[in-house]
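Colleague: Heads up: the protein sequence lines correspond to chains U and X, in order.
Residues in the first sequence are numbered consecutively from 84, following our numbering.
Residues in the second sequence are numbered consecutively from 184, following our numbering.
I have a structure I would like to understand better, so I am pasting it below and will then ask my questions one at a time.
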Amino acid sequence: MYKGISTVCCYMSKINECIRLVKENDFGAIDFFIAPPKITLENIVEFINEAKKAGMSIFTLKAPSFIENLCSIIPQIHDLTYHEYLKTLMIAKETGGKAVIVKPGMMFFVEKKCRDLIQKRFLDSLYSLTEYAEKNKILLLLENYYYPYEVLRNVRDFVWFAETLMTQYENIGFALNIPHFLEARNKITELIHPRNRIVLEKIKLIYVGLRSSPWEYSMNVSSSSTIISGVKEILKETDPEFLVLATPSEPILRLLMDQLEGSL
Amino acid sequence: MKFIYGVSSAIAQNYSNSALETIEFAGKNEFDVVELYCEAPDLIPKYAESEYIYRLRNVSKQYNLSLQMHAPFHSVNLASFNEKAREVSIELIKDTIIMGQALEAKLVTFHLGLCFLPCQINFENAIEILVASLNELLDFASENGIVLAMENRGGKLDIGKPEELLMIYKYIKSPHLKITFDVVQANVLGDPIEHYEILKKHVVNVHIRDAPKGKDRLLAVGEGEIDFKTLVKKFVENHFSGPLIFEVSTKDRALLSRGALDEYLAEITETDTM
Chain U
84 MYKGISTVCC
94 YMSKINECIR
104 LVKENDFGAI
114 DFFIAPPKIT
124 LENIVEFINE
134 AKKAGMSIFT
144 LKAPSFIENL
154 CSIIPQIHDL
164 TYHEYLKTLM
174 IAKETGGKAV
184 IVKPGMMFFV
194 EKKCRDLIQK
204 RFLDSLYSLT
214 EYAEKNKILL
224 LLENYYYPYE
234 VLRNVRDFVW
244 FAETLMTQYE
254 NIGFALNIPH
264 FLEARNKITE
274 LIHPRNRIVL
284 EKIKLIYVGL
294 RSSPWEYSMN
304 VSSSSTIISG
314 VKEILKETDP
324 EFLVLATPSE
334 PILRLLMDQL
344 EGSL
Chain X
184 MKFIYGVSSA
194 IAQNYSNSAL
204 ETIEFAGKNE
214 FDVVELYCEA
224 PDLIPKYAES
234 EYIYRLRNVS
244 KQYNLSLQMH
254 APFHSVNLAS
264 FNEKAREVSI
274 ELIKDTIIMG
284 QALEAKLVTF
294 HLGLCFLPCQ
304 INFENAIEIL
314 VASLNELLDF
324 ASENGIVLAM
334 ENRGGKLDIG
344 KPEELLMIYK
354 YIKSPHLKIT
364 FDVVQANVLG
374 DPIEHYEILK
384 KHVVNVHIRD
394 APKGKDRLLA
404 VGEGEIDFKT
414 LVKKFVENHF
424 SGPLIFEVST
434 KDRALLSRGA
444 LDEYLAEITE
454 TDTM
């Protein structure tokens, strides 16, 4: 398992700082979060090259994931999302990225009312991205989010993806975001129950940060102990390829490192 | 004084025909306005069929109904640091304006966007981006004779809190930029009466529904905890007669809400004339 740090930790400083942190702390991987204005689909290759120059050759790419929605009823939003995800996969192919992490989608009121139409387009797009990932031996990882309208939020959502899309491909799996998982009021004990073995086997990356989300600036420091104990529980049951620390705050990053020490 | 009442097409049961279904309902029940919710499959800007648009315009005319638009808003972010996402957001609102013009609508309600991590860290830059997007949209709206009404919002990530809306007016002086006041979004954040008082100078359109305190629901007036009697009083004092658009979960709730507001209005105007 590679331990990594997300570039979100340097959102307020420079990306080089993140590369320095990874090296200094003896981590093996870096997770580039493509979140403009800092890192964009246009400039990310420069940062990847800098990381490679510094001896960091193992990296993953988290695709843009704020407004992105493969389930959107609005074709313009769906297409924007699809092209951003495809472009991220293409960059991974070009630069040797090991995995691309995407937010699968959100179903709001209208999408739920038009479920058949939406689900077909959503699955067509996801299959197409998966085919590309499979052909190029890149892991395509679906990340869970915590808002009520997310399509990957609860344990039963994980099971649904694992039993459908994921049975046919080797290179598709989950990026389990533990703060999101707990924020959505899921229980780790449910996830690691033997009946959900199919899900555990597909967890290829774990994000560790604070609730409510590593991708927001609100930081619930008191949540760190439950997050860390959750990580430890999961690592007893499965062996993901990556464990990535993700927080926009360097002091919090150090706190998480300290708390994880000894258990990895 | 008489209120101008309307219904949102979000009220429709059949979303593949939401606009026509709502226009028929509104016409038969003597509403004055229909606000077309442009995220239903029949009304997606640029994708709605021109024959359908033509039919909507004709049927609304038969009932003497005015039409106004609500632009798509999920994933729309005019303050986005992602240039492509911002461009798509602007295009969606411009396409709504174009469709509105074909329907002889004069008002387009829209949401400003969302404040994710990049915006939370660089808020001033996000506002600069937002203002640039708004200026582009306002030029387009004024060329097409449309008023743009930004909606107040109460969600954690939403841009559109009352102080943010007022801040926009410091940067933009345009007669084409107004506010749609959403009573329940104000309720999510605090007291809708206070929020209306803060924003009333700019309000040209109101979304009406009820909810328990602090919550967002699609209930009829009287089913929740919002003090509509005081709100109606404030509308009267401000000489604001509408449109008041019912954004509720069912058609029955729209009818109930209209009845309730009419009762409050009668009580208030009777008291005033006594």
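Glycine is no exception: its CB is placed at the ideal position from the N, C-alpha and C atoms.
Just checking my contact of residue 113(U) with residue 88(U) at CB under 8 Å: how many whole Å lie between their CB atoms?
Modeller: That pair is a contact at about 6 Å.
Colleague: Roughly how many whole angstroms lie between the Cα atoms of residue 328(U) and residue 257(X)?
Modeller: Going by the C-alpha atoms only, they are around 30 Å apart.
Colleague: When you compare each of 350(X), 220(X) and 242(X) to residue 361(X) by their alpha carbons, which one comes out closest?
Modeller: Answer by Cα proximity: 350(X).
Colleague: DSSP state of residue 390(X), grouped into three classes?
Modeller: Residue 390(X) falls in the strand class under three-state DSSP.
Colleague: Pull up the distance between the alpha-carbon of residue 294(X) and that of residue 277(U), whole angstroms please.
Modeller: Near 45 Å, if we compare the C-alpha coordinates of residue 277(U) and residue 294(X).
Colleague: Have a look at 269(X), 367(X) and 434(X) and flag the residue whose alpha-carbon is nearest the alpha-carbon of residue 408(X).
Modeller: Residue 408(X) has its Cα closest to that of 367(X), out of 269(X), 367(X) and 434(X).
Colleague: Hey, residue 78(U) and residue 271(U) are a contact pair by Cβ (cut 8 Å); roughly how many whole angstroms apart?
Modeller: Residue 78(U) is absent from the model: chain U starts at 84 and stops at 347.
Colleague: Only counting runs of 4 or more residues, tell me where the alpha helix (DSSP H) segments fall wholly within the region 383-456 of chain X, in order along the chain.
Modeller: Entirely contained in the region 383-456 of chain X, the alpha helix (DSSP H) runs reaching 4 residues are, in chain order, 411-420 and 434-456.
Colleague: Which complete beta strand (DSSP E) runs does the region 237-301 of chain U hold, if anything under 3 residues is left out?
Modeller: For the region 237-301 of chain U, whole beta strand (DSSP E) runs of length 3 or above, ordered along the chain, are 255-260 and 286-291.
Colleague: Measure from the C-beta of residue 247(X) to each C-beta in chain U and report whether the shortest distance is under 8 Å.
Modeller: No, no contact with chain U.
Colleague: Check whether the region 305-319 of chain U touches the region 205-225 of chain U, taking contact to mean three or more Cβ pairs, one atom from each stretch, closer than 8 Å.
Modeller: Not touching, per the Cβ criterion.
Colleague: Please check if any C-beta of chain C sits within less than 8 Å of the C-beta of residue 306(X).
Modeller: Here chain C cannot be found, since the structure's protein chains are U and X.
Colleague: Can you say whether residue 422(X) is buried or exposed, counting buried as having 16 or more other CB atoms within 10 angstroms of its CB?
Modeller: Exposed: under 16 other Cβ atoms inside 10 Å.
Colleague: Under DSSP, the beta strand (DSSP E) around residue 251(X) begins and ends at which residues?
Modeller: Counting along the chain, the beta strand (DSSP E) containing residue 251(X) begins and ends at 249-253.
Colleague: What residues of chain U sit near residue 300(X), judged by a beta carbon separation below 7 Å?
Modeller: Going along chain U in sequence order, the residues near residue 300(X) (Cβ under 7 Å) are 94, 118, 298, 299, 300 and 331.
Colleague: Since residue 330(X) sits in a beta bridge, which residues does DSSP pair it with?
Modeller: The partner list for residue 330(X) (beta bridge, DSSP) reads 290(X).
Colleague: Sort out for me which residues DSSP pairs residue 191(X) with in a bridge.
Modeller: In the DSSP output, where bridge partners are listed per residue, residue 191(X) has 218(X).
Colleague: In chain X, which residues lie with their C-beta within 9 Å of the C-beta of residue 152(U)?
Modeller: Neighbours of residue 152(U) on chain X, chain order: 257 and 258.
Colleague: How would you list, in chain order, the residues of chain X whose beta-carbon sits under 7 Å from the beta-carbon of residue 307(U)?
Modeller: None at all; the shortest Cβ gap to chain X is about 19 Å.
Colleague: Around the C-beta of residue 196(X), are 16 or more other C-beta atoms found within 10 angstroms, so that it is buried, or is it exposed?
Modeller: The residue is exposed, with fewer than 16 neighbouring Cβ atoms inside 10 Å.
Colleague: Does the Cβ-Cβ distance between residue 76(U) and residue 184(U) come in under 8 Å?
Modeller: Residue 76(U) is absent from the structure shown; chain U starts at 84 and stops at 347.
Colleague: If you compare alpha carbons, which of 337(U), 166(U) and 144(U) is closest to residue 152(U)?
Modeller: Of the candidates 337(U), 166(U) and 144(U), the one whose C-alpha sits nearest the C-alpha of residue 152(U) is 166(U).
Colleague: Once DSSP output is grouped into helix, strand and coil, what is the label at residue 366(X)?
Modeller: Residue state, collapsed to three classes: helix.
Colleague: How would you call residue 239(U), buried or exposed, if buried means at least 16 neighbouring beta carbons within 10 angstroms?
Modeller: Counting Cβ neighbours within 10 Å, residue 239(U) comes out exposed, since fewer than 16 surround it.
Colleague: Of all Cβ atoms in chain U, is any one closer than 8 Å to the Cβ of residue 224(X)?
Modeller: So, interface residue.
Colleague: Within a Cβ cutoff of 8 Å, which residues of the same chain sit near residue 459(X), ignoring the five residues on either side of it in sequence?
Modeller: An answer regarding residue 459(X) cannot be provided, because it is not within the stretch 184 to 457 covered by chain X.
Colleague: Measuring CB atoms only, is the region 216-233 of chain X touching the region 248-255 of chain X, in the sense that at least three cross pairs come out at less than 8 Å?
Modeller: Enough Cβ pairs lie closer than 8 Å, so yes.
Colleague: Can you name the start and end residues of the beta strand (DSSP E) that residue 329(U) belongs to?
Modeller: Premise fails: residue 329(U) is in no beta strand (DSSP E) and is neither H nor E.
Colleague: Just curious, the alpha helix (DSSP H) that residue 205(U) is in, first and last residue?
Modeller: Start and end: 198-218.
Colleague: Residue 189(U) bridges to which residues according to DSSP?
Modeller: DSSP output for residue 189(U) lists 233(U) as bridge partner(s).
Colleague: Please list the partners that residue 275(X) has in chain U, where partner means a Cβ-to-Cβ separation under 9 Å.
Modeller: Neighbours of residue 275(X) on chain U, chain order: 157, 159 and 160.
Colleague: Please classify residue 337(X) as buried or exposed, where buried requires at least 16 neighbouring CB atoms within 10 angstroms.
Modeller: That one is buried.
Colleague: Tell me the DSSP secondary structure of residue 259(X) in three-state form.
Modeller: It is coil, neither helix nor strand.
Colleague: Whole angstroms are fine: how far does the CA of residue 411(X) sit from the CA of residue 429(X)?
Modeller: Cα to Cα, residue 429(X) sits roughly 13 Å from residue 411(X).
Colleague: Taking the alpha-carbon positions, what's the residue 296(U) to residue 310(U) distance?
Modeller: If you take the alpha carbons of residue 296(U) and residue 310(U), they lie about 11 Å apart.
Colleague: Does residue 197(U) come within less than 8 Å of chain X when only Cβ atoms are used?
Modeller: Yes, residue 197(U) lies at the interface with chain X (some Cβ there is under 8 Å from its Cβ).
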